[in-house]
Structure formats: C-alpha cells, structure tokens
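So in our numbering, the last one in the sequence shown is 529, and the numbering has no gaps at all.
For glycine and all other residues, C-beta sits at the position ideal for the given N, C-alpha and C.
Fair warning: this is a prediction, and the values are worked out from it, not measured in the lab.
Worksheet: one structure, shown below.
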Amino acid sequence: MGSLNRENTARQICFLIFAILYIVSYFIITRYKRKSDEQEDEDAIVNRISLFLSTFTLAVSAGAVLLLPFSIISNEILLSFPQNYYIQWLNGSLIHGLWNLASLFSNLCLFVLMPFAFFFLESEGFAGLKKGIRARILETLVMLILLALLILGIVWVASALIDNDAASMESLYDLWEFYLPYLYSCISLMGCLLLLLCTPVGLSRMFTVMGQLLVKPTILEDLDEQIYIITLEEEALQRRLSGLPSSVEYNVTELEQELENVKILKKKLERRKKASAWERNLVYPAVMVLLLIETSISVLLVACNILCLLVDETAMPKGTRGPGIGNASLSAFGFVGAALEIILIFYLMVSSVVGFYSLRVFGNFIPKKDDTTMTKIIGNCVSILVLSSALPVMSRTLGITRFDLLGDFGRFNWLGNFYIVLSYNLLFAIVTTLCLVRKFTSAVREELFKALETAAHQAPRSLGLSRQEHWSGLPFPSPVHEVKSEGEVAQSCPTLRDPMDCSPPGSSVRGILQAGALGAS
Numbered sequence: 009m010g011s012l013n014r015e016n017t018a019r020q021i022c023f024l025i026f027a028i029l030y031i032v033s034y035f036i037i038t039r040y041k042r043k044s045d046e047q048e049d050e051d052a053i054v055n056r057i058s059l060f061l062s063t064f065t066l067a068v069s070a071g072a073v074l075l076l077p078f079s080i081i082s083n084e085i086l087l088s089f090p091q092n093y094y095i096q097w098l099n100g101s102l103i104h105g106l107w108n109l110a111s112l113f114s115n116l117c118l119f120v121l122m123p124f125a126f127f128f129l130e131s132e133g134f135a136g137l138k139k140g141i142r143a144r145i146l147e148t149l150v151m152l153i154l155l156a157l158l159i160l161g162i163v164w165v166a167s168a169l170i171d172n173d174a175a176s177m178e179s180l181y182d183l184w185e186f187y188l189p190y191l192y193s194c195i196s197l198m199g200c201l202l203l204l205l206c207t208p209v210g211l212s213r214m215f216t217v218m219g220q221l222l223v224k225p226t227i228l229e230d231l232d233e234q235i236y237i238i239t240l241e242e243e244a245l246q247r248r249l250s251g252l253p254s255s256v257e258y259n260v261t262e263l264e265q266e267l268e269n270v271k272i273l274k275k276k277l278e279r280r281k282k283a284s285a286w287e288r289n290l291v292y293p294a295v296m297v298l299l300l301i302e303t304s305i306s307v308l309l310v311a312c313n314i315l316c317l318l319v320d321e322t323a324m325p326k327g328t329r330g331p332g333i334g335n336a337s338l339s340a341f342g343f344v345g346a347a348l349e350i351i352l353i354f355y356l357m358v359s360s361v362v363g364f365y366s367l368r369v370f371g372n373f374i375p376k377k378d379d380t381t382m383t384k385i386i387g388n389c390v391s392i393l394v395l396s397s398a399l400p401v402m403s404r405t406l407g408i409t410r411f412d413l414l415g416d417f418g419r420f421n422w423l424g425n426f427y428i429v430l431s432y433n434l435l436f437a438i439v440t441t442l443c444l445v446r447k448f449t450s451a452v453r454e455e456l457f458k459a460l461e462t463a464a465h466q467a468p469r470s471l472g473l474s475r476q477e478h479w480s481g482l483p484f485p486s487p488v489h490e491v492k493s494e495g496e497v498a499q500s501c502p503t504l505r506d507p508m509d510c511s512p513p514g515s516s517v518r519g520i521l522q523a524g525a526l527g528a529s
C-alpha cells in the first residue's frame, strides 16, 4: 500500500511539472507567434492544432533539458537523506521512468507530431475531394505514411551497409527493437554534431550578448554629450521627414529606419545614464569574470576527460554501469560538485541555443516578437528538441558529468566507439579554444591590420621616394598624372575664372597665372 501511494505521488508530481512546462511553453510561443487577422474557421482550427502540438514539443524539450540536472540532484538528495519519509517517492525507478518517458516523447514529437503539424499546416486537400478538415487530415496522413516509408527504407539500407550481419539484412523484422532505436541513435549523433558546432560559437558569443544586456562601465565617456548629439540628430531626421513629399517613398522608408535606429541608440544611452554606480562598475565585470570562469572550467573538464579516455575504459559513455542512484556521489566534491555540474549543463544549453541562432545558416530561424509564422515556429521547436535531446549525451561524452545515461539514451551504438568519442572531445576543446582566442583578440587584430595598412601607405615616403618614382617602379600603370608645364596649362585653360580648377599636380597657382598673362600678351 505504501509503495502504491509513493507511485501515485510520483505520477502527480511529474504531471504537475509537465503542466507547468506546458504553460510556460505556451506563453513563450504566443509571445512570438504572428497575430493572425480574420481567418476562416478551417484555417483557425489548423493553426490552433499546430500551436498545441508545437507547445507540447517545446515542453518535451524543456523536460529533456531538466532531465539530467534533476537526476544529478536527486542522487545527491537520496545520498544525503536516505531514510527521510518525505522523499521516499524519489527513487531509482522514478528516475528510470522519467528517462524512458523523455526518450518516448522525444521520438513521438520528432517523428510524428512535428511532421504532422507541418504537413497539416501546408495541406489543402486532394484535388477532387470536398475541401475541409477531413480532406486536409487525409492528405497529411498520406504524406506521413510516405515519409515513414522513405525514412525506414533509408535506415534499413544504412544499417545493412554498416552492420554486415544476417540480423541487419532482415526485412523490417524487428522494427521496434532495432530500427527505431537505430534511427534515434542517428538523430542523436546529428544532434551532438550540431551541438559541437553551436556550443563553441555560443560560448564566445555569450560575452557579446551579456555585454548588450548589461550596462557597461563608463570610462572616459561623457554620456550627457552623447545624448545631446543623438537628440540633435533625431530632431534633424524628424525635420527631414516632415519636409519630404509623400511621393518619395524610398527616401521616407530609409529615413524612418535611420530614425528608429537613432531612437534605439538614445534609449541605450539613457539606460546607461540612469544605471546606478554599482550596476555599472560591479555587475558587468562580475558577470564577465563568471562567464570566463565557467568557460574555462568546461574546457578544463573536457581536457581531463580526454586524459581519462586514454587511460581508463570506464570513462567511455557506454562503459561499465555505475553504482546506481542514491548509492554513491558522482563528484569528488559532493553536493558542491553536483551543483557545479548542473550549472555547467545549463550554461552549455544556453550557449548552444545562442550559438545556433548566431550561425548564418540558421539566421532566418530567429523568432521575432508577434511576427513569427507558424511554419517557422515548428522549425524552431524541432531544432530546440534536437539540441535538448542531445544535451545529456553531449554532457556525458565530454565528461561534464559522470551520471550514466539511462533508458534509450545509453543504448546508442556510437557511444561505444572509442575513436568517435575521443575525436568529439578533441574537436570540442580545440574549436572552443580557437573561438575564445578569436573573440578576445579581435580588437587587437583590427588595430594591427590598421597599423600595417598605414605603414604600407607611408613606406614610400619613409624611403625618401617621390610619388612619381614610387609608381614608376611598380609593374602596373601609375595613377599619378604627368606634371604639365605652365604654358600647356594656360593653353588648356584660356579663361582662368577659378585657377584651382586647372591646377594639375606639381604646378603652382602662381605659375598658371603667370603663364596666362604671357599668353594674353
């Protein structure tokens, strides 16, 4: 009876957590979703169904992100309070069940719900059938069946080519036990590769993003003068806009955009002026130092994991099973080490999302407030689902945590390949280091290039050569004009109303005037 009550309590808590995630996801999506105009009842129903499916997918993504931190903190709580009555519902079976549910819902959203939402949104019904919801559902189901056959065929061929044994050659015999886990393993590998691409970029980009959100210290800056100048510029643009006729549409649009940029810059300057002294001089440096420490610890842990992979087989993500949940601490520093692992996992996830939207390839995926189409929302939900599902695998592969992957997450074939895991760690450490070096040396490199360019322009003068001598020694024609005599200039300029207009390089205005006087006499 007591175990049954604990199971019911665990189900209620899990349902409550998922309900909270669903509500938060709904508010996030509706914040960015484009406010549709008057639509037909059919289109409104389709958009509403796609919205609910996207919200469910985003909630599953949030659950996948929280899965590993929740497991780590649960292990430490069970280790610290093994006999506490109020945490009896928190046990190993609950953790295993959550991992299995996360894997199941991730597969469901990735292979069923999101394709259904996309095809349902784009469907119009087959030709010859009566238009309506039923016709669109029928077309969507047909497209899903064709997509499933295509994907399963590709997976069957790939598995037959890679695993050259009799079991792999069987024709779709063990669909649930072999092909679907194999397909999810491939998707997980793609997600880990995407994280490998996005996370180092995001780690370096985080400094810029936080610099834009926080107020920078005002060192040798006069904010009042800058605000005064920007106010004058704003007034000048407003006068130009009020004076332009409405027919000049292009200039009006360009000036309005420039005026909007000036207003944004003015708001930033006013915010910096209103900020308190401790916010300007303490918060910004502290956050930058904290980001640097977290990034350095992440790279250091990856470097230590590389050494462990070379000398210890149990460091592999698919190595020997651990002592179990609640039996031993995962970190040598106990609760503090577990808290540090959780912070690093969240930091890597945020960095990966920032890096994903910073890449030019995915720049069009950036959602805009109240102006994001439903198709783009579906694409964003799928991308975040792939990243969040691969986050536990990446964290274990890089050695950020020693918590064993449970459920289908620990059954990926490529996790047992030593060369893939070692290459993944090496690439992450190298790419992250290069991105950080490039980030912190960008200003120095720009100044160095400017100095070299200036030195290249001043080199001929420093050697004591005239411009004519310098260009005559180069293999291409000289851009320097020939110096004409005063007589030639006078003949080419018979009327010297403005002597400077006819003054060629190398001649003086006085000489031109003298030549003109001689020619006139």
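DSSP state of residue i, grouped into three classes?
i	result
V517	Note on V517: pLDDT 42, under 50, position unreliable in the model; no value is reported.
K458	helix
F484	Because the pLDDT of F484 is 48, which lies under 50, any placement of that residue in the model is unreliable, and the number read from its coordinates should be weighed accordingly. Residue state, collapsed to three classes: coil.
K447	helix
K41	strand
T383	helix
I374	coil
L61	helix
N425	coil
F436	helix
F26	helix
G140	coil
F411	coil
I333	coil
L267	helix
L160	helix
L338	coil
Just reading off the alpha helix (DSSP H) that residue i is part of, what are its end residues?
i	result
F89	Where F89 is concerned, there is no enclosing alpha helix (DSSP H), given that its DSSP letter is neither H nor E.
E321	Counting along the chain, E321 falls outside any alpha helix (DSSP H), and DSSP gives it neither H nor E.
Q96	From DSSP, Q96 is part of no alpha helix (DSSP H); its letter is neither H nor E.
A135	Looking at the DSSP string, A135 is not in any alpha helix (DSSP H), and its letter there is neither H nor E.
D232	L231 to G251
G407	It is not in any alpha helix (DSSP H) - G407 carries neither H nor E in the DSSP assignment.
P225	Looking at the DSSP string, P225 is not in any alpha helix (DSSP H), and its letter there is neither H nor E.
P123	M122 to E130
G345	F343 to S366
How many Å lie between residue i and residue j at the Cα?
i	j	result
L356	E266	36 angstroms
V358	K139	44 angstroms
T322	T405	12 angstroms
S131	F60	18 angstroms
L231	K447	27 angstroms
G100	V165	38 angstroms
L352	E302	7 angstroms
F215	M296	7 angstroms
C312	D320	12 angstroms
F484	L460	Confidence is the limiting factor: at F484 the pLDDT is only 48, short of 50, which leaves the residue's position unreliable and the question unanswerable from this model.
V429	P400	14 angstroms
V73	I103	14 angstroms
A70	A27	12 angstroms
I21	I385	29 angstroms
C389	A463	52 angstroms
E241	I235	10 angstroms
G133	V150	11 angstroms
S79	R213	29 angstroms
S397	R247	54 angstroms
A18	N92	16 angstroms
M122	F426	34 angstroms
L317	L413	17 angstroms
T409	L249	59 angstroms
Is the beta carbon of residue i within less than 7 angstroms of some heavy atom of the ligand FMN?
i	result
A143	Absent from the structure shown: the ligand FMN. Ligands present: none.
Report all residues from its chain with a CB closer than 8 angstroms to the CB of residue i; omit the five preceding and five following residues, and keep chain order.
i	result
V361	C206, G210, I392 and L395
I95	I85, L86 and F89
T383	F126, L129 and E130
R288	V223, K224, P225, T226 and R280
T137	The question names Thr, yet the displayed sequence has Leu at residue 137. Closer than 8 angstroms at the Cβ level, and outside the excluded window around L137, lie A143 and L146.
L2	Residue coverage of the chain in this structure runs from 9 to 529, which leaves residue 2 outside it and unanswerable.
Measure how close the beta-carbons of residue i and residue j come, nearest whole angstrom, since I'm counting them as under 8 angstroms.
i	j	result
Y192	N115	6 angstroms
F5	L152	Residue 5 lies beyond the residue range present for the chain, which begins at 9 and ends at 529; the question has no answer from this structure.
F364	P208	12 angstroms between Cβ atoms; not a contact.
Can you list, in chain order, the residues of its chain with a C-beta nearer than 7 angstroms to that of residue i? Leave out the 5 residues immediately preceding and following it.
i	result
V68	F113, S114, C117 and L393
L75	L106, W107, A110 and P400
L273	I238
I25	none
I53	I141
Output needed for residue i: all residues of its chain with C-beta closer than 6 angstroms, excluding positions within five of it in sequence on either side, in chain order.
i	result
I333	N83, G100 and I103
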